[in-house]
Amino acid sequence: MAKAVAQQQTGGNGTPESLLRPHAEQLYADELAELAKADDRQRPPNWKLSPWAVKTYLLGGKLENGFTVSPKYIGNPRLVEIAIATLATDRALLLIGVPGTAKPWVSEHRAAAISGDSTLLVQGTAGTDESALRYGWNYAMLLAEGPSMNALKPSPMMRAMMDGKIARVEELTRMQSDTQDTLITLLSEKTLPIPELNSEVQARKGFNVIATANNRDRGVNELSSALTRRFNNVVLPLPETLDQEVEIVHKRATEIGRALELPVEKPALEEIRRVVTIFRELRAGVTEDGKTKVKSPTGTLSTAEAISVINNGLAMAAYFGESVLTANDLAAGITGAIIKDPVQDAVAWKEYLQTVVKEREGWKDLYRACREVL
Amino acid sequence: MPHHIYGIRHHGPGSARALLAALKTLRPDVVLIEGPPDAQDVLPLIRDDGLKLPVALMIYRADEPRHAVFYPFTVFSPEWQALNYAFEHQIPARFIDLPMTIHLAEEAKAMEKLKKALEEKAKLPNCDDSSPMPGAGSGDGNGSPQMGSPSPGDGKDPNSTQPTLREDPLGMLAEAAGYTDHELWWEHQIEQRVDATDLFEGILEAMTALRADAKPLDDREPAREAHMRQCIRAAVKEGFERIAVVCGAWHAPALVNLDGAKADTELLRGKPRTKVIATWTPWTNSRLSYRSGYGAGVASPGWYEHLWTARKHASARWATLAARLLRKKDLTASSAEVIDTVRLADALAAMRGLPLPGLAEMNEAILTVLCHGQIAPMALIRQKLEIGDRLGAVPKSTPTVPLQHDLENRQRKVRLKPSTEIKDLDLDLRKEGDLERSRLLHQVALLGIPWGEAHTAHGKRSTFHELWQIQWQPEFAVQVVEAGIWGRTVESAAEARVCHQAAEIQELPVLCELLLTTTYAQLPGAVKYLLKVVQDQAAVAADVRHLMNALPKLSEIARYGDVRGTKGEQVLPIIAGLFERILIGLPGACGSLDDEAAAQMLEGIAHVQESVDLLQVESMADDWQALLRKLMEDENIHGLVRGWCCRILVDKGAISSDELHRMARLALSPVVPILQAAAWVEGLLRGSGLTLLHQDGVWAALDAWLVELPKDIFTQTLPLLRRAFSGFSGPERRQMGEKVKRLRSAGAAGAAAKTDTGADNLDVERARRVLPVLAQILGVPYAG
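If you read the protein sequences in the order shown, they are chains A and B.
First residue of the first sequence: -5, per our numbering; consecutive thereafter.
First residue of the second sequence: 11, per our numbering; consecutive thereafter.
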C-alpha cells in the first residue's frame, strides 16, 4: 500500500513544487483548467475534457482566449488522434514501442487529461500478481469479520472501474502471462467478479485501460493473442528526424533541469544536437549523411537515454564544472549509455569515435573527452 | 443562358454522383464533355457489351504511334457517367477540348527536345521494364487533384512539378481551410458530400475567386478554353436548349461567358494539324493510380470504386472486405474486430469533424485494430483493396494499333491463341510451324511482353527442342499498345527495341544474352547491329571475367545457330577476338586473387572451357590447354585456380598420371602454405571425386599431406577440405570409403602405392567376350 502512503504525503505536505516529480495533472493543472473552460464540445461520459481538448492538451496549441498550451508529445499527431479515439470507444489502448519512445509519458498525460487523475497505475513486473489487477485483502479485518466489502482492498484497476476513470498498466509485457490474462475478462466484460462475496464490480462509463508494452527488451512475456485482440495497438515510433529528436531532448532536459533546480545555464542546443546525432547514428548503424557505416551497440540508445545523458551532464556541469555544459561533462554519460556490453559495445564505440567523431569538424573536444573516459 | 456548367474533378466519385443527379434534374438535350473531339467516332463503342471498365481512350499520331495520349476512364469517372447518360437517353454527346490533331502537332517538336533531355538524364541501365512512354502527356503525376484535365499539357515535364505546385491555386484554397493535403481537402469538401445540392454553383464560385488572380497553367490553356467556348457556341447556334457542359472544375469559370467569339477564333487560327487515330484500350486499376506514373488518376481507385458502388455502410463494408482479405491470407480477423474497426474509424472521423470516415481514418483504424499495429498486412490491403486488381477489356470491333493488328495476325497464322491458361509447349524447331512459333514467342519476349517463358528441359539437350510455358495476361494488351511506339509490326518493333536496349547495356554478358535471344528471334537487322555493339564493347572491356562470361553465349550461337538458319560464321570472328583477349589477359587477371575472386575466376575458366568444348576448333583447344598448363605451374597463382586448371587438364587427358602425381606432391609439399595447398585440393576435386578415386598417386599424396599436418592446422584446414568434398556424389563417397577399407585390409606396408582394382582375380577370357560389343557401342574398330 505504498501508493496510499505516498498519496497521504501529497495530501499532507502538498504543493507540487516540493515534490521530486509531480504528476501530470499537478504540473499542468492550469492548462487543464483553461482547456476545460474553453472546451464547449461534446464530452464522452465521465470525461473531464472532450477528445478535441485532450488532443490539444497533448499536442499543444493556442486557445481562442489566447492561452497557449504547451505540447506534451512531439511526433505524429495522427497517432495521438488514433489513441484518443480508441479511448472514446470502449476498446482498451496498447501503446507499443521500443524503450524510450515516451510510452508512459503519453499514457500519463492522456489519463490526466481524460480523467484528471493519472495515479491509477499498475506497474507490471515479473512479481506482479493478480491482486494488483483485481483486489487484495486486509487480512486483520478478514480474520476478524470474515469476507466483507470492508476487508477488501481494491486495486487501482478496480478503483478506476468504480469511478469511471482511466487505469494505466505500465510494462504489460513484464508481467507473467497468467497475470496478464486477468485483463481479458476485465476488458471484454467490463466487470470484475468477486466470487468470495458472491458479488461483482461493474465498470462505470468512462472506464478504460491504457497499457504500455515493450517489444525490444529481453525478458518480456509476449502477449497472448486473446489479449492482443482486446486492445487497439498503437506503435509509437522513434523520432523521425534529427531536428525532432533534438527538440524533444531539449524540451525535456530543460524541464527536468528546472525541476531539479540545477544552478546551470540552459543546455546549449549545440551540445544536445551532438548527443542526439551520436545516438541516432549508432542506433541506425549509419551516419546521418548516409555515407559511413558504423557498428550498432547492443543497447537501444533511446531518446529517453539521450535526455538522461544531458541531465547527467547538466548536473556535472553544475556541481563540478563551470556551470556551462561542455563536452567533458557529457563524455562520461555518453560512454555509460552506449557501453552496455563491456566487450562488443566498447569496440563499436571506439570504432565510431575513431572513424566518425575524430574526423568531424568541431568535434575535437568531444573526441578528446570521450577518449579520456575510455 | 442555355448552357449549364458542371465543374468536376476527374475520377472523383462524389463529382460523378453529383453530376448524375444534376443531369437528371436538368434533362439536357446535349452533353458537352471536356475530352478530345478526335475520339468522337469511337464513342459509340462504350455501349458495347464487350467493354469492361477501366478502359482508356488512346489517341496517337498516325505517322508516329509512339506519340500517344491516354485518357483513362473508370466507372466513377464523371466524364464516363456523362457519356453513359447521353447514350442512355439518346442525346448527342460531344467532346469539346482542343483537338489532339492540334495538340500532337504542336507537341511533336517540343517532345522531341524533351525526350532527348530525358534520355540524357535517365539512362536506364536496364530496359526490360516497361518502357517509359515517350510523349505520354497523360498527366503530370504530381498528385494534384487534376482539376485541369487528364489531358496533356497540364504538366509536361515531371521535373517541373515544383513550380506548378507552388502556384497551384487549389492548394492555396485547401491551405486556407487548414488542410496540408489539398487532395484531402477536396475529398472532404466535395467527394464525400452526401448532399450535393448547389455543389456545382459552389465550385464555380470558388474557382472564379481562385482564378481572379492566378496565371494560366501554361500557354495551351487559353487555346483549350477558347475551343471549348467555340464548341458551346456552336451547340447554342444549333438550337440546343439545355446544354450540359462537363469540364474540370478549373475551367468552369472560363466557360460561363460566351462573348468574345472573335478573339477566340483569332486564337485558334493557323494552328498546325496532324493526322491522329483514336481507339480504346484496356486499362488497369494500378494504372489509374499514381504509382504507375500516370498522373491522370487517383491514389486509391479501389476505394473510390467502393464509394461509388457501396454507398450505404461504406465504412463497414470496407472493413469487412479488409477482414476477409486478411483471412484469405491466413491472418486472424474476427467479426468483433471488424466492428471495433468501424467504431474506431467513426470515432476518428468525429474527432476530426468529418461527416464520414475517409480512407485515412479507415486505414488507421484497420492498422490499429485488425492488423494489431503491424504495418506489413497494410501493404496487402493497399495492393488488393485500395488499388484493386480490376482489369478492363475492349470490344472486338475496336480499332486496333497497327502492332496489335500484326500480332493478332501472326498469332492466328501460327495457331497460338492468346489465353489466360498456363500452357506448356514443346517445339520441334525442325518443323517449319514450330520454328515460326518459336520466332514469334522470342520476338514478343523481346518486346518486353512476358507471354511465354523458355525452359531448358532436364536431360533433353537436343538442339532442336525448345520448351515454353505460355500464358497471356489481359494487361498485356496495354503493353502491346505501349510497345507500339517501337514499330508497326512485331518484327520491326522487336528489332527497334533491341537496338535501343543494346545501346544502353554496358555489360558484355548481358549484351551477349540479348544477342542470343535476338538470334533465336531471327531478327537479322538487330543481330547485325548487336554484333557490332558486342565487338565494340569487347574491345574496350577491361575485365577478363566479363569476356569469359560472354563467351559461352556466343559459342552457342556459333554452334547451334544453324538449326534456325542463322549464319554462325558471323559470330566466329568475334569469338576469335574475345578468345585472343582472354588468352592475353587471363594470366595477369589470375594474379593476387583472394578466395572469393578466385572462385569467380574459376567460373570464368569453366565458361571458356565449355565454349572451347562446344566449338571444337583444334587450334583454339591447343592454345587453351597451353594456357591452362602455364597457369597450373605458376606458383604465384591462387591454389584454387591452379588446382582447377590441373583438373581440367586431367579431364581432357592432357597430362599423364605420372605428371599428375608430381603436381600433387608438389602442390602438397610441406613448404607450401597449408591454406594454399588446401585450396589446390579444393580446385582439383571440385564437384567430382573421380580423380581422387582413380589416381592413386593423388590419393597417396593427399594422404601423406594430411597425415603430416599438425593438429591445430588440420583443424584449420578442415572446413576447406570439407567444402572440397561436399560436391561428391553418394556413390563416389561410398567408393572412397570402400577404397580406404581395402587399403587398410591390404596391409600396412606400401598399401597406398599398390592399387587394388580387382585386376588380379579377373577372368581374362570372359572379359574378352564383352569387348566386341563395347567397341561397337563406342564406335571404334575392334581389332580382335
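Beta carbons: idealized from backbone N, C-alpha and C, even for Gly.
For clarity, every value in this text was computed on a predicted model and none was experimentally measured.
Supposed close pair residue i, residue j - CB separation, criterion 8 Å
i	j	result
B/Q635	B/A664	5 Å
A/T80	B/T342	Rounded, the Cβ-Cβ distance is 19 Å, inconsistent with contact.
B/P292	B/G402	4 Å
B/T330	B/V348	6 Å
B/C446	B/V424	Inspection of the sequence shows that residue 446 of chain B is occupied by Glu rather than by Cys. Between B/V424 and B/E446 the Cβ distance is about 5 Å, and since that is below 8 Å, they are a contact.
B/W654	B/R696	6 Å
A/G158	A/R198	3 Å
B/T351	B/L380	5 Å
B/A8	B/I43	Outside the displayed span of chain B (11 to 794) sits residue 8 of chain B, for which this structure offers no information.
A/W41	A/G200	6 Å
A/M152	A/Y133	That belief does not hold up - the Cβ atoms of A/M152 and A/Y133 are roughly 18 Å apart, past 8 Å.
A/L115	A/E58	Wrong, their Cβ atoms sit about 34 Å apart, outside the cutoff.
B/L564	B/I594	So it is not a contact: roughly 18 Å between Cβ atoms.
Short Cβ contact (8 Å threshold) for residue i with residue j
i	j	result
A/G94	A/E241	no
B/V508	B/L557	no
B/P6	B/E116	This structure gives no information on residue 6 of chain B, because the portion of chain B shown stretches from 11 to 794.
B/P88	B/P47	no
B/A288	B/D436	no
B/M746	B/G699	yes
A/L53	A/L43	no
B/A687	B/G649	yes
B/R252	B/L36	yes
A/L392	A/E19	This structure does not reach residue 392 of chain A, given that chain A is present from -5 up to 368, and the question cannot be answered.
B/D58	B/P428	no
A/L319	A/G327	no
B/L456	B/A512	no
B/I567	B/V581	yes
A/V48	A/L230	no
B/Q489	B/I459	yes
A/S218	A/S171	yes
A/L347	A/R362	no
B/L214	B/A262	yes
Cross-strand partners of residue i (DSSP beta bridge)
i	result
B/H13	B/I253
B/M68	B/F80 and B/T289
A/A342	For A/A342, which the question treats as bridged, DSSP gives no partner whatsoever.
B/T528	Note: B/T528 sits in no beta bridge, so no partner.
B/L435	B/W478
A/G55	A/V63
B/S231	The residue you asked about is not Ser; residue 231 of chain B is Glu in the sequence shown. B/E231 is not bridged to any residue.
A/E164	A/Q117
B/L719	Answer is none; B/L719 lacks a bridge partner.
B/I647	B/G601
Whole alpha helix (DSSP H) elements within the segment 449 to 513 of chain B, 4-residue minimum: Listed in chain order, the alpha helix (DSSP H) elements of length 4 or more contained wholly in the segment 449 to 513 of chain B are 486 to 493.
3 or more residues per run - each beta strand (DSSP E) lying fully within the segment 182 to 218 of chain A: Listed in chain order, the complete beta strand (DSSP E) runs (minimum 3 residues) inside the segment 182 to 218 of chain A are 185 to 188, 193 to 196 and 202 to 208.
Short-range partners of chain A found in the segment 356 to 383 of chain B, where Cβ spacing is below 9 Å: D356, A357, L358, A359, A360, M361, R362, G363, A370, E371, E374, A375, L377, T378, V379, C381, H382 and G383
Residue ranges of each alpha helix (DSSP H) within the segment 557 to 635 of chain B, 4 or longer: Positions of the alpha helix (DSSP H) runs, each at least 4 residues long and wholly inside the segment 557 to 635 of chain B, are given as 582 to 600 and 605 to 625 in order along the chain.
Positions along the segment 44 to 63 of chain A whose CB lies within less than 8 Å of some CB in chain B: P45, W46 and K49
Residues from the segment 340 to 353 of chain B in contact with chain A, defined by Cβ distance under 8 Å: T342, S344, A346, E347, D350 and R353
Contained alpha helix (DSSP H) runs [length at least 4] in the segment 248 to 308 of chain B, N- to C-terminal order: Correct list: 271 to 278 and 295 to 298.
Near-chain B residues of the segment 321 to 343 of chain A (beta-carbon distance less than 8 Å), N- to C-terminal order: Taking 8 Å as the cut-off between beta carbons, none of the residues of the segment 321 to 343 of chain A comes near chain B.
Cβ-based contacts, 7 Å cut-off: residues of the segment 221 to 237 of chain A near chain B: T222, R223, N226, N227, V228 and V229
Any alpha helix (DSSP H) of 4 or more consecutive residues that is wholly inside the segment 262 to 329 of chain A: 263 to 278 and 297 to 313
Near-chain B residues of the segment 72 to 100 of chain A - C-beta to any C-beta below 8 Å: R72, E75, I76, I78, A79, T80, A82, T83, R85, L88 and I90
Runs of alpha helix (DSSP H) lying entirely within the segment 91 to 116 of chain A, each at least 4 residues, in chain order: 97 to 109
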